[in-house]
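What follows is a single structure, written as structure tokens, with notes after it.
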Amino acid sequence: MGKSIKVQRKESLLKEVIPEALSQMNDGRIRGLSVVDVVCSRDGSDAKVYLEKSYLNENEQRQALKQLKQARGYIQNYCLKSTGWFKVPNLSFTFDDLLEQENKMEELFEKIKKEKGE
Numbered sequence: 001m002g003k004s005i006k007v008q009r010k011e012s013l014l015k016e017v018i019p020e021a022l023s024q025m026n027d028g029r030i031r032g033l034s035v036v037d038v039v040c041s042r043d044g045s046d047a048k049v050y051l052e053k054s055y056l057n058e059n060e061q062r063q064a065l066k067q068l069k070q071a072r073g074y075i076q077n078y079c080l081k082s083t084g085w086f087k088v089p090n091l092s093f094t095f096d097d098l099l100e101q102e103n104k105m106e107e108l109f110e111k112i113k114k115e116k117g118e
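full-length UniProt numbering numbers the first residue of the sequence shown as 1 and each following residue consecutively.
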């Protein structure tokens with residue numbers, strides 16, 4: 001069974017509001033982060049925020065996640081005020097590896113294609 005419309009709406013709205021909250025932050029590293037996706041739990045009480053990691057190395061990613069963890073209260077409060085909800089989901093942040101995995105798969109397919117062609 002798929003997600004309820006209510007959860008989908010919540011995810012969509014959070015995808016819009018969280019980048020606004022990040023852009024209000026003082027830290028340039030956090031301000032420059034892009035939200036790739038937001039996935040809410042079935043009951044909407046938790047939300048996992050996937051961030052793009054294109055220009056950050058592993059150390060910078062760890063630092064950014066640490067700072068986001070400290071700023072989570074501010075971000076949740078910003079979401080609460082912006083959406084008018086009574087309760088905002090508990091946010092957790094992670095960097096999205098999907099693009100990296102897709103690139104690796106594309107490289108493998110190209111390699112197979114070249115081997116078959118030769």
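All residues carry an ideal CB built from backbone N, CA and C; glycine is no exception. Here the structure is a predicted model, which is why all the values come from computation and not from measurement.
Pair within 7 Å by beta-carbon distance, residue i and residue j
i: residue 11; j: residue 38; result: yes
i: residue 23; j: residue 31; result: yes
i: residue 95; j: residue 63; result: no
i: residue 83; j: residue 33; result: no
i: residue 91; j: residue 72; result: yes
i: residue 46; j: residue 89; result: yes
In DSSP terms, what residue i is bridged to
i: residue 93; result: 49
Limits of the unbroken alpha helix (DSSP H) element including residue i
i: residue 86; result: It is not in any alpha helix (DSSP H) - residue 86 carries neither H nor E in the DSSP assignment.
i: residue 117; result: 98-117
Start-end ranges of the alpha helix (DSSP H) lying completely within the stretch 4-72, minimum 4 residues = 5-23 and 28-31
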